[in-house]
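Peer 1:
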Ligand SMILES: [Zn+2]
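Residue numbers (our numbering): 1 to 251.
(1) Would you mind giving the Cβ-Cβ distance between residue 5 and residue 128, rounded to the nearest angstrom? I have them listed as a contact below 8 Å.
(2) For residue 12, is the beta carbon positioned less than 7 Å from some heavy atom of ligand 1?
(3) Under 8 Å between C-beta atoms, does residue 37 make it to chain B?
(4) What is the C-beta distance between residue 41 and residue 3, in whole angstroms, given that I count them as a contact (C-beta under 8 Å)?
(5) Does DSSP classify residue 92 as helix, strand or coil?
(6) Taking 7 Å as the cut-off, is the C-beta of residue 121 nearer than that to any heavy atom in ligand 1?
(7) For a test of the three-state rule: what should DSSP assign to residue 21, helix, strand or coil?
(8) Compute the Euclidean distance between the alpha carbons of residue 148 and residue 160, then round it to the nearest angstrom.
(9) Roughly how many angstroms lie between the CA atoms of residue 235 and residue 72, to the nearest whole one?
(10) Taking the alpha carbon of residue 116 as the point to measure from, which residue in 154, 17, 158 has its own alpha carbon closest?
(11) Pick out the complete beta strand (DSSP E) segments inside the segment 218 to 244, 3 residues or longer, and give them in chain order.
(12) For the alpha helix (DSSP H) containing residue 147, name the first residue and the last one.
(13) Thinking just about the alpha-carbon of each residue, which of 248, 213, 90 is nearest to the one in residue 145?
(14) Return helix, strand or coil for residue 11, following the three-state DSSP convention.
(15) Using alpha carbons as the reference points, say which of 16, 12, 28, 151 lies closest to residue 180.
(16) Can you tell me which residues form a DSSP beta bridge with residue 97?
(17) Residues in the same chain with beta-carbon distance under 6 Å from residue 242, minus the five sequence neighbours each way, listed in chain order, please.
(18) Tell me the DSSP secondary structure of residue 179 in three-state form.
(19) Which first and last residues belong to the alpha helix (DSSP H) in which residue 122 is found?
(20) Are the Cβ atoms of residue 131 and residue 8 separated by less than 8 Å?
(21) Can you tell me whether residue 96 sits near ligand 1, meaning its C-beta is under 7 Å from at least one heavy atom of the ligand?
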């Protein structure tokens, strides 16, 4: 029997008719999680009251820049003109790409704060649905995951998410990975994953976050261990507090 990984309701109490894409279809995602109910699926895809986008769009309208950039590398004939985002403009200034916020949100700090927060939720939504899909034997309904469930689905608290800055824009991508992106959990041993903390790679970007509530000391220890593992490729990490903390252009 299907049981929703977010609300933990089963087929007797809710419906599972719609396909819930774990990675947005518009980013090229082909997989869906059968254990996401229609109500929870709608929650992530529904236009938010205070904004003109959904949580899923906060994710796809930002990461589409990275995807386009990787597609550009794969097929050099694609031009800068194909970058399209609800939130950003990409301009070519003397051969160097620059990302700027669209005029209507440039001076709206509240909107930008919301965008960053909803992007983070979208990232966790994507991770949780892919993580459970790729690990069918995992006890995904465990209370242990309520920390991230409550953040992404129920808005009860914020969680820190870290973005890792590369030393050089060098990526190891499988063929077609930009076209059909995947969440990579085990590409190499440089990603730290333990009981309480997790890292993954998506479209060349590496993100890390606690899966359960950690003290500042515990969090710092995890990040220190993580940076040591990846010191040949990454220079540092930042907690994502604004949308430009992420290098969507992969420069
Ligand atoms: Zn549900």
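Beta carbons: idealized from backbone N, C-alpha and C, even for Gly.
Peer 2: Once the coordinates are examined:
(1) Within the chain shown, residue 5 is the residue found at index 5, counting from 1. Within the chain shown, residue 128 is the residue found at index 128, counting from 1. Sure, about 7 Å apart at Cβ, within 8 Å.
(2) Locating residue 12 in the chain shown gives position 12, counting from the first residue. Placement of the Cβ of residue 12 at a distance of 7 Å or more from every heavy atom of ligand 1 is found.
(3) Judged by its chain identifiers, the structure shown contains no chain B, having just a single protein chain.
(4) Here residue 41 refers to the residue found at position 41 of the chain shown. Here residue 3 refers to the residue found at position 3 of the chain shown. Contact annotation, residue 41 with residue 3: C-beta distance approximately 14 Å; criterion of less than 8 Å not satisfied.
(5) Taking the chain shown and counting its residues from 1, one reaches residue 92 at position 92. Residue 92: strand per DSSP, three-state reduction.
(6) For the purposes of this step, residue 121 is identified with residue 121 of the chain shown, where counting begins at 1. At a threshold of 7 Å, residue 121 does not count as near ligand 1, since its beta carbon sits no closer than that to any of the ligand's heavy atoms.
(7) In the chain shown, the residue the question calls residue 21 occupies position 21. In this structure, residue 21 counts as strand in the three-state DSSP scheme.
(8) In the chain shown, residue 148 corresponds to position 148, counting from 1. In the chain shown, residue 160 corresponds to position 160, counting from 1. Separation of residue 148 and residue 160 (C-alpha to C-alpha, rounded to the nearest whole angstrom) is 11 Å.
(9) Along the chain shown, read from residue 1 onward, the residue named residue 235 stands at position 235. Along the chain shown, read from residue 1 onward, the residue named residue 72 stands at position 72. About 25 Å.
(10) Mapped onto the chain shown, residue 116 falls at position 116. Of 154, 17, 158, the residue nearest in Cα terms is 158.
(11) Qualifying beta strand (DSSP E) stretches, in chain order: 234 to 239.
(12) Residue 147 sits at position 147 when you count from the first residue of the chain shown. Where residue 147 is concerned, the enclosing alpha helix (DSSP H) stretches over 146 to 152.
(13) The sequence position of residue 145 within the chain shown is 145, counting from 1. In terms of CA proximity to residue 145, 213 leads the group 248, 213, 90.
(14) Residue mapping note: residue 11 aligns to position 11 of the chain shown, counting from 1. Reduced to three states, the DSSP call for residue 11 is coil.
(15) Position 180 of the chain shown, counting from 1, holds the residue named residue 180. Measuring from the Cα of residue 180, the nearest candidate turns out to be 28.
(16) Along the chain shown, read from residue 1 onward, the residue named residue 97 stands at position 97. DSSP output for residue 97 lists 92 as bridge partner(s).
(17) The residue given as residue 242 occupies position 242 in the chain shown. Sequence-distant Cβ neighbours of residue 242 in its own chain, meaning closer than 6 Å and more than five residues away, are 116.
(18) Counting from 1 along the chain shown, the entry for residue 179 is found at position 179. The answer is coil: DSSP assigns residue 179 none of H, G, I, E or B.
(19) Counted from its first residue, the chain shown places residue 122 at position 122. Residue 122 -> alpha helix (DSSP H) spans 109 to 134.
(20) As a position in the chain shown, residue 131 is number 131, starting the count at 1. As a position in the chain shown, residue 8 is number 8, starting the count at 1. Contact flag unset, no.
(21) For the purposes of this step, residue 96 is identified with residue 96 of the chain shown, where counting begins at 1. No, since every heavy atom of ligand 1 falls outside the 7 Å radius drawn around the Cβ of residue 96.
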